[in-house]
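**Q** Supplied in structure tokens, the structure appears directly below.
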Amino acid sequence: MIQTIRSAWKVQELRNKLLFTVFALLIFRVGSAIPVPFIDAQTLSSYINSQSLSIFSLLNVMSGDAFAQATVFALSIQPYINSSIIIQLLTIAIPALEKMAKDEGEEGKKKIAAITRYATVAIALLQAFGYYTLIKANNLVAVEGIWPAFVIIFAFTAGSAFLMWLGEQITEFGVGNGISIILFGGIIARGPNMVYSMIMGVRVWMTGADSSTYSSLHPAFIPLILVGMLLLVVFIVFITNSERRVPVQYAKRVVGRKMYGGQSSHIPIKVNMSGVMPIIFAQAIASIPATIGMFVPSAQVDGSGWNTFLKVFDSNGIIYCVVYFLLIILFSYFYNTIQFNPVEISNNLKKNGGFVPGFRPGKPTADFLAKVINRLTMFGAIYLAVVALLPAITGNIMQAFGSTAGRGLAIGGTSIIIVVGVALETVKALEAQLMMRHYKGFLE
191 MIQTIRSAWK VQELRNKLLF TVFALLIFRV GSAIPVPFID AQTLSSYINS QSLSIFSLLN
251 VMSGDAFAQA TVFALSIQPY INSSIIIQLL TIAIPALEKM AKDEGEEGKK KIAAITRYAT
311 VAIALLQAFG YYTLIKANNL VAVEGIWPAF VIIFAFTAGS AFLMWLGEQI TEFGVGNGIS
371 IILFGGIIAR GPNMVYSMIM GVRVWMTGAD SSTYSSLHPA FIPLILVGML LLVVFIVFIT
431 NSERRVPVQY AKRVVGRKMY GGQSSHIPIK VNMSGVMPII FAQAIASIPA TIGMFVPSAQ
491 VDGSGWNTFL KVFDSNGIIY CVVYFLLIIL FSYFYNTIQF NPVEISNNLK KNGGFVPGFR
551 PGKPTADFLA KVINRLTMFG AIYLAVVALL PAITGNIMQA FGSTAGRGLA IGGTSIIIVV
611 GVALETVKAL EAQLMMRHYK GFLE
């Protein structure tokens with residue numbers, strides 16, 4: 191990875207792309223520190239941090255602490271992710287949108303992107319109003335009235351819309367997928383705070399002090415957590431780079447006086463083709479109950495029906511884990527179906543005189559490829575789901591031994607998957623750019 195970045199830095203165009211990406215992340219972090227007016231941010235931060243068992247803590251992690259601080263970028267890019275999910279599902283369900291996406295080419299893609307942007311603003315407006323309701327229900331609005339409410343809601347909505355635009359700029363002028371890069375930056379920004387929380391957790395455990403801000407953590411768990419995270423990173427990298435290579439043989443053919451074909455090749459099929467997108471999408475769907483709960487003031491009252499409902503979706507709870515598991519598998523299949531079309535690949539092989547040994551060209555080849563993809567997708571989906579939920583299981587085991595800080599590992603595990611996945615995808619994008627610029631071609 192370091193060697194790839196060093197090589198890319200020597201190429202002026204790639205250096206400009208890297209600098210643009212870093213500058214965009216700097217803007218993101220500056221915006222995450224600009225508070226929205228009329229809000230008691232300090233009290234809100236204490237409240238959100240105390241809700242370590244709720245989905246609010248997950249939203250705070252994804253936004254890089256901006257959610258708890260009620261800053262301009264508090265909603266992060268969650269509205270854009272939700273909008274992308276909705277539009278992609280509607281593209282499959284509504285024939286007019288499907289025709290627009292497939293038949294109209296680049297122009298159709300631009301129209302779909304425009305619809306996604308409008309839907310993002312609408313969802314951001316809805317979530318901003320819900321967030322304002324949550325803040326008001328806890329008496330954290332310094333000034334009452336229509337104007338302060340308008341300013342708060344508009345600031346949250348504008349911040350989310352700006353991040354959507356910033357992510358698109360990173361994708362076009364920077365390196366990697368802009369939305370993933372912003373998520374990556376938000377999670378990495380919480381690293382020092384997470385280390386400090388672990389240190390304070392050990393201090394709370396050793397002194398026996400009663401702290402509402404930091405959870406107790408047994409010192410013996412620290413090396414176990416570090417080793418576990420390291421092994422998790424190694425395992426994620428191994429699975430991400432794993433692929434099934436389907437052999438392809440090209441028949442010999444004579445054109446004029448020359449003979450073409452006869453070569454052997456392969457079709458590389460990744461074990462985890464969808465990357466981290468199923469986890470990001472599953473998190474967006476899993477956060478819907480918390481978003482709904484924002485609109486109900488009674489949800490913040492212990493013992494109320496809505497409060498009980500939100501606690502059911504605790505990030506370490508059994509119901510949340512089951513829903514999260516199923517959503518990851520569902521979105522893995524959904525994403526792979528969009529990315530890999532066995533019929534199209536089979537037809538392309540047939541046109542170019544290629545075939546998979548042991549299978550006739552056409553439908554038999556397509557059926558074989560579909561079978562291989564389904565098996566790999568199931569394995570990749572279960573891998574993502576298990577790795578995402580393994581820290582939650584570990585957290586419950588740690589809690590059984592009296593370390594309540596283990597409850598936050600569920601969020602930490604998901605963050606590791608996203609960080610490692612985005613880092614690998616970005617490095618691969620850099621390698622592809624380097625290969626394209628160093629390829630001499632047949633003219634030299």
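At position 236 of the sequence shown (counting the first as 1) the number is 426 in the working numbering, and the numbers step up by one without a gap.
Think of the CB as a built atom: it goes at the ideal place given N, C-alpha and C, for glycine as much as any other residue.
#1: State yes or no: is the C-beta of residue 258 within less than 8 angstroms of the C-beta of residue 229?
#2: Along the chain, which unbroken stretches of the beta strand (DSSP E) at least 3 residues long are found entirely within the region 318-393?
#3: For the alpha helix (DSSP H) containing residue 274, name the first residue and the last one.
#4: Would you be able to state if there are at least three C-beta pairs under 8 angstroms between the region 272-282 and the region 305-325?
#5: Ordered along the chain, which non-local residues of its own chain (more than five positions away) have a Cβ less than 7 angstroms from that of residue 629?
#6: Would you mind working out which of 222, 435, 385 and 464 sits nearest residue 348, comparing C-alpha positions?
#7: Considering only residues of the same chain and omitting the five flanking positions on each side of residue 393, which have a CB-CB separation below 6 angstroms?
#8: If contacts are defined as beta-carbon pairs under 8 angstroms, then residue 517 and residue 475 qualify, I think. What distance do you get, rounded to the angstrom?
#9: Output yes or no for whether 8 angstroms exceeds the beta carbon distance between residue 569 and residue 463.
#10: Measure the alpha-carbon distance for residue 343 versus residue 326 and round it to whole angstroms.
#11: Closest to residue 523 by CA distance: which of 486, 267 and 562 is it?
#12: In whole angstroms, what separates the C-alpha of residue 575 from that of residue 195?
#13: Just the Cα atoms here: how many angstroms apart are residue 302 and residue 354?
#14: Between residue 428 and residue 468, how many whole angstroms is the CB-CB distance? I'm expecting something under 8 angstroms.
#15: Residue 579 to residue 512, Cα distance in whole Å?
#16: Would you tell me roughly how many angstroms separate the C-alpha atoms of residue 457 and residue 432, rounded to the nearest one?
#17: State yes or no: is the C-beta of residue 438 within less than 8 angstroms of the C-beta of residue 546?
#18: Roughly how many angstroms lie between the CA atoms of residue 584 and residue 361, to the nearest whole one?
#19: Between which residues of its own chain and residue 219 is the CB-CB distance below 8 angstroms, once the five residues before and five after are set aside?
#20: Between residue 558 and the rest of its own chain, which residues show a CB-CB distance below 7 angstroms, the 5 nearest in sequence each way excluded?
#21: With which residues is residue 440 paired in a DSSP beta bridge?
#22: Give the range of the alpha helix (DSSP H) segment to which residue 508 is assigned.
#23: Within the same chain, show all residues whose beta-carbon is closer than 6 angstroms to that of residue 612, passing over the 5 residues directly before and after it, in chain order.
#24: So, using beta-carbon positions, are residue 252 and residue 236 closer together than 8 angstroms?
#25: Might you give, ordered along the chain, the residues of its own chain that have their beta carbon closer than 8 angstroms to the beta carbon of residue 364, omitting 5 neighbours on each side?
#26: Return yes when the Cβ of residue 459 is within less than 8 angstroms of the Cβ of residue 610, no when it is not.
**A** Reading it off the structure:
#1: Contact flag unset, no.
#2: none
#3: 268-283
#4: yes
#5: At residue 629 the pLDDT is 48, less than 50, meaning the model places this residue with poor confidence and gives no usable figure here.
#6: 222
#7: none
#8: 6 angstroms
#9: No, they are not a contact pair.
#10: 12 angstroms
#11: 562
#12: 31 angstroms
#13: When only Cα atoms are considered, residue 302 and residue 354 end up about 15 angstroms apart.
#14: Not quite, the Cβ-Cβ distance comes to about 18 angstroms (not below 8 angstroms), so this is no contact.
#15: 9 angstroms
#16: Distance between the alpha carbons of residue 457 and residue 432: 13 angstroms.
#17: yes
#18: Rounded to the nearest angstrom, the two C-alpha atoms are 36 angstroms apart.
#19: 254, 375 and 379
#20: Apart from sequence neighbours up to five positions away, the residues of its chain that approach residue 558 with a beta-carbon distance below 7 angstroms are 546 and 549, ordered along the chain.
#21: 544
#22: Element bounds for residue 508: 508-529.
#23: By the criterion of a C-beta distance shorter than 6 angstroms, residue 612 is surrounded in its chain by 370 and 374, once the five residues flanking it on both sides are discounted.
#24: no
#25: The answer, listed in chain order, is 207, 208, 210, 211, 214 and 371.
#26: no
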